[in-house]
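Beneath this line is the structure, given in structure tokens, with notes to follow.
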Amino acid sequence: MPEMNYWRTDRPDEGYDLAADQMLGLPIRTHLPENYEPGYAYPLLVLFHGRGGNEDQVLRLAPKISNQNFIYLSIRGPEPLGKRPSGQKGFGWKHANADEMYGEYVRLAVELTRRTYHIHSERVYLVGVNEGAEAAYRAGFALAGKVAGVIALNGTMPRPTEGRPVFHPSEARQMKVFLGQATGDETADRTGMARDYKSLYAAGADVRFFEYPHTTKLHAAMFRDINRWVVGAVNAEHDLYAVRD
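Counting with the working numbering, you get residues 1 to 245 for the letters of the sequence shown.
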């Protein structure tokens, strides 16, 4: 993703809606850190909601992870599923041409966001929740070398179909991957996540597997570890920038 230097210097409202017409008809939403500083190149966390969720619902995770260290971008699954109990519309991630579509959606969304806010081109992380984890993996592999890593929360990689591998080793090599699972949740797929860990590790990915003995699917400890993991990765680059505590 090419460097850009024409980000805006004012601070719009949180959840500022960027043009959806250029996003294959799908919206993107943003959340800025407190005291946003346009002179600082922030890491970007792209959020993929779970099945039945939407881009507004998943964006509520942003301040739970960190309200200081990152800019957040949330996107919407292309599969309409009707209304949630709250009355909001829910969506899923099933799509006939998922790999190409998700990669292009994320690429365009990140490009537009970087035109507006100061984001470091090599610090883009994809965060998928439940079914959104599969979509995050697909986009990450499609954009291999253009995203820093994938964070999968209570979700697994897509399974191979028609003899086609989920990813080629070159797409996962050197990619940073955070696997987070609430093992107290009876629906947790511990076998699937362990399989993902082994596959990614064998391909050369820098992968970490965190288990949380909680029944709450998204626990505060997960958010704490995501923050520390991304900050640690950024600090390890020995860049001129330093992420604040």
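Here a beta-carbon is modelled for each residue, glycine too, at the ideal position from N, C-alpha and C.
Approximately 12 angstroms separates the beta-carbon atoms of LEU126 and ALA144; this is outside 8 angstroms, ruling out the contact. GLN57 carries a helical assignment under DSSP once its states are collapsed to helix, strand and coil. The C-beta distance from ARG208 to LEU179 rounds to 7 angstroms, short enough to fall under 8 angstroms. Here SER170 is exposed. Its C-beta has fewer than 16 other C-beta atoms within 10 Å. Membership of VAL127 in any alpha helix (DSSP H) is not indicated; the residue belongs instead to the beta strand (DSSP E) covering 119-129. For PHE223, there is no enclosing beta strand (DSSP E); the enclosing alpha helix (DSSP H) covers residues 220-236. At a cut-off of 4 residues, the continuous stretches assigned as alpha helix (DSSP H) that sit fully inside the segment 169-210 are 169-172 and 190-202. Per DSSP, the continuous beta strand (DSSP E) segment holding LEU45 begins and ends at 42-48. For PRO80, the beta-bridge partners assigned by DSSP are PHE91. Shown here, LEU108 sits in a helix according to DSSP, grouped into three states. Contact between ALA182 and ILE119 fails: their C-beta atoms lie close to 30 angstroms from each other, not under 8 angstroms.
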